[in-house]
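Below is one structure, written out as structure tokens, with a few remarks after it.
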Amino acid sequence: MERTPHMSIEVLIEIARQQGIGLDAARALDLRARVESLLARLARVTDGLERGRQPAPGGPPRRPT
Amino acid sequence: MSLPKLAASSAADLGRRLAHRELSPVEVVADSLARIERFDPKLNSFLTVTGESALADARTAEAEIAAGRHRGPLHGVPLGLKDIFDTAGVRTTSGSRILTANVPARDAPVVERLRAAGTIVLGKLNLHEFAYGTTTTNPHFGPCRNPWDLDRVPGGSSGGSGAALAAGLCHLSLGTDTGGSIRVPASVCGGVGLKPTFGRVPRGGVLPLAWSLDHVGPMARCVEDAALLLCAVAGTDAGDPWSSRDGAEDFTADLERGVRGLTIGIPEPLFFDGLEPDVGQAVAQAIDVLERLGASTRRVTWPHVDRAYTAFHAMLASEASAFHRPWMGARPEDYGADVRAALEIGYFIPATAYLDARRVQLLLRDELDMIFEAADVLVTPALPRTAPPIGEPISREPTQSWTRFLAPFNLTGSPAISVPCGCDRLGLPIGLQIAGRPFDEATVLRVARAYERECGWPTLAPMARD
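Residue numbers (the working numbering), protein chains in the order written: chain Y, 157 to 221; chain X, 4 to 469.
Here it is, written out as structure tokens:
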């Protein structure tokens, strides 16, 4: 089975830096597995979803009719 | 009346006796303060006790009631507030080091409403730091402990509220729930916690965790008290752009109508997977009780609910990290380790993934609307387990998170309550979740009350009953 390459630690640190968040190499290493796990799950979250489905609007849910 | 008996009274019962001047608010508040002094060194549920102002407010309430100026069913009843609600002149820490010295100039609108209803604020309650977690093992103010077993967590993030209620330190509390933070402590501390419909209770003056998922709601020791507290705080407010336009309602009107004629949906998949055996047994017995009381039950399928937790996690992490970005940039070392780690992940979620999560949110709302055409409420376990020991790692992975049955209703914005449904073999409380249609808190409360009236599980922890 082909193994997905890990995100680069340097890229993680740079993405954080651009948002004003300091991240050293040790923290980035610790974070990488969690980020990859969440992104992998998110990549599948819309599997099979109709293309026309829109995001939920902000605010309270609809009242039942 | 002796101390334990007073502490065990419901807020509704206290309110009735206060109205008839059988009790004085001063006596009731003094009793709560004495219990805080006696029990809280073991529990660490209060971060701030406002004893002097509580007694002053109690004297005012006493004079008002004596003069015939009765404010309603909660006049003179003491409560505790999760320390995330702004309180004028009283520090509001959100359980953080960053806001240790924060003293708001004015009350949050919900706190104004509680004062207008005549309730008396005893103080501010411990919580998971910034409400971002489910244990209330707070690194800055110390862990809050579960009165049912002091070596276990009281849940969170509103853990101080759950613990203080279970120990009889207060009669009511107001909490917040972004992914279960009212229902987790209610479940593991044997209390009642209601997450109302999104927008039902305004959130101005409440530190946000995730704007799209945050709810304010009542915590209590019985269903009637939760309904009364909801009556006091519900209703539109211009300060919260996502507040619903509804006015106040009487959520107590249908409480005693019973469940005959109602259809209870038992949802699948997800909600009955991976349960501790005692939890599964207690929930099955609770469903049997509701059937015996005249409800019919049916299995219902929620097709994509297995995606709820991932969508929820993406929204929670993105929004929380956006809110905390200035502090995370300037003083990250002032966060506790778990909250800092949870916040860091949010900076790596692309906007496309966030929007996909919101698409799933609408899908789940639509699917739940369909389910509620065939069922009046859904009944599930609140949690797959009872309270874990303090220090046990808590997973945020979707299949293992102990809030996986709760967060779907934060996404849909539907009302959901946790009520006690028994104890496990260690004597730890188990919670039953009842969820309903948007803005139909009345039916959720009605089902919860019917079950409570039939079974009546004790809600004061053994340590607090002597």
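Even for Gly, the Cβ is constructed at its ideal location relative to N, Cα and C.
According to DSSP, is Val114 of chain X part of a helix, a strand, or is it coil? helix
When burial is assigned at 16 or more other CB atoms within 10 Å of the CB, is Met373 of chain X buried or exposed? exposed
Residue from X:Glu294, X:Asp249, X:Thr95, X:Met318 with nearest C-alpha to Pro216 of chain Y: X:Asp249
Please list the partners that Leu187 of chain Y has in chain X, where partner means a Cβ-to-Cβ separation under 7 Å. Glu347, Ile348
is_contact[Arg197 of chain Y, chain X] using C-beta, thresh 8 Å: yes
Alpha-carbon spacing of Phe133 of chain X relative to Gly297 of chain X, whole angstroms: 43 Å
Every unbroken alpha helix (DSSP H) inside the region 248-305 of chain X [4 residues or more]: 280-295
Just grab the DSSP bridge partners of Val31 of chain X for me. Note: Val31 of chain X sits in no beta bridge, so no partner.
Need the endpoints of the beta strand (DSSP E) that Ala170 of chain X sits in, please. Per DSSP, Ala170 of chain X belongs to no beta strand (DSSP E) and is neither H nor E.
What's the gap between the Cα of Thr96 of chain X and the Cα of Glu294 of chain X? 45 Å
Using a beta-carbon distance below 8 Å, is Ile169 of chain Y in contact with chain X? no
Best match in X:Leu58, X:Ser190, X:Ala344, X:Phe144 for proximity to Tyr135 of chain X [C-alpha to C-alpha]: X:Ala344
Arg190 of chain Y touches chain X at which residues, Cβ-Cβ below 7 Å? Ile348
To which residues of the same chain is Asp154 of chain X closer than 7 Å at the C-beta, ignoring the five residues directly before and after it? Pro392, Ile393
Between which two residues does the beta strand (DSSP E) carrying Cys426 of chain X extend? 419-426
Using a Cβ-Cβ cutoff of less than 7 Å, which residues in the same chain neighbour Arg19 of chain X once the five nearest sequence positions on both sides are dropped? none
Give the interface partners of Thr313 of chain X over in chain Y, defined as CB-CB distance under 7 Å, in chain order. Arg197, Leu198, Val201
Would you kindly check if the distance between the Cβ of Leu58 of chain X and the Cβ of Val29 of chain X is under 8 Å? yes
Less than 8 Å between the beta carbons of Val236 of chain X and Val219 of chain X, yes or no? yes
Between Phe471 of chain X and chain Y, is any beta-carbon pair separated by less than 8 Å? As displayed, chain X neither begins before 4 nor continues past 469, which places residue 471 of chain X out of reach and without an answer.
Please tell me whether Arg207 of chain Y has its Cβ less than 8 Å away from any Cβ of chain X. no
Looking at Gly159 of chain X and Ala552 of chain X, is the spacing between their C-beta atoms short of 8 Å? With chain X represented from 4 up to 469, any question about residue 552 of chain X goes unanswered, as that position is not in the structure.
In angstroms, rounded to a whole number, what distance separates the CA positions of Ala470 of chain X and Glu206 of chain Y? For residue 470 of chain X there is no data in the structure shown, the boundaries of chain X being 4 and 469.
Name the residue from Y:Gln174, Y:Gly176, Y:Glu192 whose alpha carbon lies nearest to the alpha carbon of Ser164 of chain Y. Y:Glu192
Mind listing the chain X neighbours of Thr182 of chain Y? Cutoff is C-beta to C-beta under 9 Å, in chain order. Residue identity check: residue 182 of chain Y is Ala in the sequence provided, not Thr. The contacting residues do not exist; Ala182 of chain Y stays about 12 Å from chain X at best.
Assumed close pair Ala120 of chain X, Leu168 of chain X - CB separation to whole angstroms, cut-off 8 Å: Incorrect: roughly 18 Å between the Cβ atoms, too far for contact.
Can you find the residues in the same chain that come closer than 6 Å, C-beta to C-beta, to Arg347 of chain X, ignoring five residues on each side of it along the sequence? First, the amino acid is wrong: residue 347 of chain X is Glu here, not Arg. Hits under 6 Å: none found.
Between Gly171 of chain X and Ala390 of chain X, which are expected to be in contact by the criterion C-beta below 8 Å, what is the C-beta distance as a whole number of angstroms? The Cβ separation is near 18 Å, so there is no contact.
Quick one, are the C-beta atoms of Leu125 of chain X and Asp86 of chain X less than 8 Å apart? no
Counting only Cβ pairs nearer than 8 Å, list the residues of chain Y close to Asp372 of chain X. Arg218, Pro220
Simplified DSSP state of His470 of chain X, which is helix, strand or coil: It is not possible to answer for residue 470 of chain X, since the shown part of chain X is limited to 4 through 469.
Would a check of beta-carbon distances place Ala415 of chain X closer than 8 Å to chain Y? Per the sequence shown, the amino acid found at residue 415 of chain X is Thr instead of Ala. Yes, contact with chain Y.
Verify whether the separation of the beta carbon atoms of Ser13 of chain X and Arg224 of chain X is less than 8 Å. yes
Residue range of the beta strand (DSSP E) that Phe49 of chain X falls in? 49-52
Endpoints, alpha helix (DSSP H) assigned at His354 of chain X: Before going further, note that residue 354 of chain X is Ala rather than His in the sequence given. Counting along the chain, the alpha helix (DSSP H) containing Ala354 of chain X begins and ends at 354-374.
Taking a contact to mean a Cβ-Cβ separation below 8 Å, would you say Glu322 of chain X touches Ala410 of chain X in this structure? no
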